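Below is one structure, written out as structure tokens; the observations come after it.
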């Protein structure tokens, strides 16, 4: 299994500002992903965080809005840039433990409220 | 692309009764089907999973079944307890996480 720590766990932000969420995994993992979960909704994949290279973004998400870093096999960051109230959501870091056929684990999420 | 339908969206059961949540997927390439439990204010927690070479898997009060022919898989919780109350998500995964698709979630309420 994998234990995934995210911070901040929650934050209240002002419109137009940016916030960086950090994700730390307790073991080296090959795959890390960032999801968004709006209140009462399912999980939507934002991007795959690639170690040492640019993230792979899903349709509807762009690097300028959600820059992602992954400097090594245990750590990644997601920045939510130039925030608006529509960005209020839970952002979840996830990782696959045990190789490409392993299990997908999630962090506890970062709950952002944009005023 | 993959589409995962999950039913019901809400489910209320009396404590001690069984609960069944069903999912249907569309992509034959999907070969891994995990289930997650998400309690209020927390991240999704993996509770059980099944791979396409297995028809059923059980872990204490929780079981999952898979029918590849009909592309259905289900979560079964027996002897439900109030602490089972949460939102449950199914997912269909293909090709070493080439594609991950989640269901829309089921809010389970276990009434004491």
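Residue numbers (my numbering), protein chains in the order written: chain A, 1 to 115; chain B, 116 to 227.
Built from N, CA and C at the ideal position, the CB exists for glycine as well.
Computed from a predicted model, the values in this text were never measured in an experiment.
| Query | Result |
| --- | --- |
| CB-CB length for residue 207 of chain B against residue 221 of chain B, believed under 8 Å | 15 Å between Cβ atoms; not a contact. |
| At least 3 beta-carbon pairs within less than 8 Å: the stretch 65 to 79 of chain A vs the stretch 125 to 132 of chain B | no |
| CA-to-CA distance, residue 96 of chain A to residue 102 of chain A, given in whole angstroms | 6 Å |
| C-beta neighbour in chain A for residue 125 of chain B, strict 7 Å | no |
| Proximal residues of chain B, C-beta to C-beta of residue 77 of chain A below 7 Å | Chain B residues near residue 77 of chain A: none, gap ~17 Å exceeds 7 Å. |
| Boundaries of the beta strand (DSSP E) in which residue 226 of chain B is found, first to last residue | 221 to 226 |
| Delimiting residues of the beta strand (DSSP E) encompassing residue 104 of chain A | 103 to 106 |
| Span separating the alpha-carbon of residue 98 of chain A from that of residue 70 of chain A | 19 Å |
| Minimum C-alpha distance to residue 88 of chain A - residue among A/63, A/1, A/17 and A/56 | A/17 |
| Nearest residue (CA-CA) to residue 52 of chain A, options A/113, A/31, A/39 and A/58 | A/31 |
| Presumed contact (8 Å Cβ cut-off) between residue 200 of chain B and residue 225 of chain B, rounded CB distance | 5 Å |
| Near-chain B residues of the stretch 81 to 95 of chain A - C-beta to any C-beta below 8 Å | 92 |
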